[in-house]
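Data block below; observations after.
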Ligand code: SAH
Ligand code: SF4
Ligand code: F3S
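Below, the structure written as structure tokens:
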């Protein structure tokens, strides 16, 4: 079974590479005539999965001969969409309206919409009826086919729609681009099997499938040889990595293998589902020299009653026990989380349980969301949908509780020397560099841009709450 799939994957990759070569020849010819390179622009919405997918899209387009621009006034504009909350969809429709106007003044412009929103029939219907000027629609499962879809569009001049419900294919070794030269996201698994009752991701990203460990290691080794020092392992639930592989391997074990790759100095990962976080993983993290001092551990709610209805498969008590086990092993670890307020049926008592966990854990920071009804998920038809004003009021109280915790947590490394990965020139003050600590907090300090991509020692002079001001230590 595994071998058969592998060969289909390889055949598919070869086919796509051929099409890329054909298109490149075609683009080169046009370039000779016009002297103008064609440009592309990708607008990415949503999470790190989508950001990584956009890098793959970018890799294919660059190989064909497109050049990237940072405005939507390009020959090929792609929207890589997110649908996790309603407002994500609304933003896309708003931007598409604007693109329609741009296309009127440049009829040769090609517009593609892809990503999670396109895995929903209702969104595709809306585009087909109200946004007729869109040229290509594809989903989350067939990004690797972009060159083929573009070729069909160039030859047919019709709207090209290619949507797959799910897939078992994992097509390796296609071109991909990286936003940063020194850090990279690495998919270790795709899809999600957890079906939390509020969440649309399992419906739009399909069933969970892990990449082969060797493919992951090979990709990271190649990145390391190319100057990457930090990697972020990506999956909706990294703790269940490897369970369905022909030769099962645990996530902790994968981390140990990655630890051995020369050149990689920092390893991050997200997301960890609390229900699957093993003692083995805590042990590996504790003993690792490369895994960062940070764990993102989504809580969603502190009420065991709601957690059950959310289908999260842990309780308030087991979550708190897990946190204390993690803190016992790694006292200085930075914990961050995701929390939803206003889930159907949430009472004031339920919400107070959430506040209680927030106060007990003291997160370094948190992403907080007002529950958004997603059609097709079990929660959408549950009774007791919470009124917007109530949800908003709880949201504000939650923010205050989070901020109180992060004020305490931040600053604990003040007046110490820490390793910092230098990421960029500070956007506000170009005499400063901006980098990241192992615990993911930002540090700004004076320095030369030649340090970008390097890990340097910085003295953390002053804590500003969510970031530090520092001074470079010359070693
Ligand atoms: N796989 C990750 C998260 C993916 S979605 C995990 O399990 O943690 C990112 C976050 O969006 C979730 O953690 C959740 O807090 C939030 N989210 C998902 N569906 C939502 C909805 N319907 N309304 C509001 N927030 C939602
Ligand atoms: Fe959504 Fe739950 Fe899967 Fe995360 S684990 S993506 S919240 S269904
Ligand atoms: Fe959004 Fe899809 Fe990520 S729905 S949050 S982009 S997996």
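Residue numbers (the UniProt record's numbering): 1 to 475. Cβ coordinates follow ideal geometry from the N, Cα and C atoms, glycine included. Bear in mind that the values here come from a model prediction, so they are computed numbers and not experimental data.
Proximity winner among 356, 372, 232, relative to residue 404 (alpha-carbon distances): Closest in alpha carbon position to residue 404, among 356, 372, 232, is 356.
Do residue 142 and ligand 2 come close, with the Cβ less than 8 Å from some heavy atom? no
Suppose the cutoff is 6 Å on Cβ atoms and the five residues either side in sequence are ignored; what does the same chain contact list for residue 153 look like? So the list reads 135, 136, 160, once near-sequence residues are dropped.
Cut-off 8 Å between Cβ atoms - residues of its own chain near residue 87, not counting five sequence neighbours on either side: 372
Pop quiz: residue 398 and residue 354 are said to be a contact at Cβ under 8 Å. What is the actual Cβ separation, rounded to whole angstroms? 7 Å
Please report the distance separating the alpha-carbon of residue 218 from that of residue 267. 15 Å
Beta-carbon spacing of residue 329, residue 282 below 9 Å: Yes, they are a contact pair.
Work out the CA separation of residue 180 and residue 421 for me, nearest whole Å. If I take the Cα positions, the gap works out to 12 Å.
Start and end of the alpha helix (DSSP H) containing residue 172? Here residue 172 belongs to no alpha helix (DSSP H), and DSSP marks it neither H nor E.
Which residues bound the beta strand (DSSP E) around residue 477? Because the chain spans 1 through 475 in this model, residue 477 falls outside it and cannot be assessed.
Check each candidate in 144, 182, 472, 224 and name the one with the smallest Cα separation from residue 162. Comparing alpha-carbon positions, the option among 144, 182, 472, 224 lying closest to residue 162 turns out to be 144.
Does DSSP put residue 93 in a helix, a strand or coil? Helix at residue 93.
Could you work out which residue in 224, 430, 309 is closest to residue 453 when comparing CA atoms only? Answer by Cα proximity: 224.
Below 8 Å CB to CB, which residues in the same chain sit around residue 13 once its five sequence neighbours on both sides are set aside? 144, 171, 172, 173, 174
Should residue 10 go down as buried or exposed, given a rule of 16 or more other Cβ atoms within 10 Å for buried? exposed
Less than 7 Å between C-beta atoms, sequence neighbours within five positions excluded: which residues of the same chain meet that for residue 459? 417, 470, 471, 473
Consider the C-beta atom of residue 273 and the heavy atoms of ligand 2; say whether any pair is separated by less than 8 Å. yes
Taking just the CA atoms, how far does residue 322 sit from residue 332? 15 Å
Express the C-alpha separation of residue 78 and residue 248 in angstroms, rounding to a whole number. So the two alpha carbons sit approximately 37 Å from each other.
My understanding is that residue 140 touches residue 209, with C-beta atoms under 8 Å, so please give their C-beta distance in whole angstroms. Approximately 12 Å separates the beta-carbon atoms of residue 140 and residue 209; this is outside 8 Å, ruling out the contact.
Beta-carbon proximity of residue 146 to residue 186, cut-off 9 Å: no
Sequence-distant residues of its chain with Cβ nearer than 6 Å to residue 468 (five each side left out): 443, 460
Do residue 115 and residue 69 count as a contact pair if the criterion is CB distance below 9 Å? no
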